[in-house]
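In my numbering, the protein residues as written are 588 to 715.
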Amino acid sequence: ISYVDATILENSSYVPTITGATSVGKHTPYVPAWRATLVGTYHISPEWSFTTAGRYIGRQYATVDNTDTFPKTYQGFQPFFVMDVRTNYQLNHNWSAAAGVDNLNNSKYFLYHPFPERTFYAELKYTY
């Protein structure tokens with residue numbers, strides 16, 4: 588978990604694009620106040636494991652004066668929370684198989700471009 592109070596204290600070179608706008612006291616662009624990641628793996632047996640992960644990113648602004656106040660639009664970044672799950676089976680020393688779901692809660696979010704909605708995947712891996 589992290590908290591960043593990235594507030595602009597002074598900006599003598601700022602030229603407002605909207606009359607009366609100011610950057611002083613606003614949030615620094617692209618720096619969310621809150622970020623959190625939690626990952627846990629449970630080993631059911633030497634062969635089987637189950638992993639779940641959650642990520643939260645707080646509200647972000649793209650403009651120095653924070654005038655981008657409409658989330659879910661170009662450069663209007665809303666907070667989001669995403670959960671992922673994965674199960675893994677170790678077949679032998681070299682081979683493993685896994686399957687999982689990214690964005691299990693099917694959050695719809697974007698930062699310049701849409702991020703994938705719920706995604707299922709499978710993996711067969713050989714390690715030498």
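Don't be surprised by glycine CBs; every beta carbon is placed ideally from N, CA and C.
Inclusion of N693 and A685 in the CB contact set at 8 Å is not warranted, their separation being larger than that value. For T628, the uninterrupted beta strand (DSSP E) run begins and ends at W621 to H630, by DSSP. Here R705 is not near G687, since their CB atoms are 8 Å or more apart. DSSP places K695 outside both helix and strand once states are collapsed to three, so it counts as coil. K613 is bridged by DSSP to nothing; it lacks a bridge partner. Within the same chain, N681 and W682 come within 8 Å of Y713 by CB-CB distance, once the 5 residues on both sides are set aside. L678 sits in coil when the DSSP states are folded into three classes, being neither helix nor strand. Taking C-beta atoms under 8 Å as the contact rule, F668 and G641 qualify, at a distance of about 7 Å. Residue pairing of Q647 in beta bridges, as defined by DSSP: F664. Inter-segment contact for the region 624-640 and the region 605-614 is absent: fewer than three beta-carbon pairs are separated by less than 8 Å. Around the beta carbon of Y708, fewer than 16 other beta carbons lie within 10 angstroms, which makes this residue exposed. Per DSSP, the beta bridge partners of E710 are A685.
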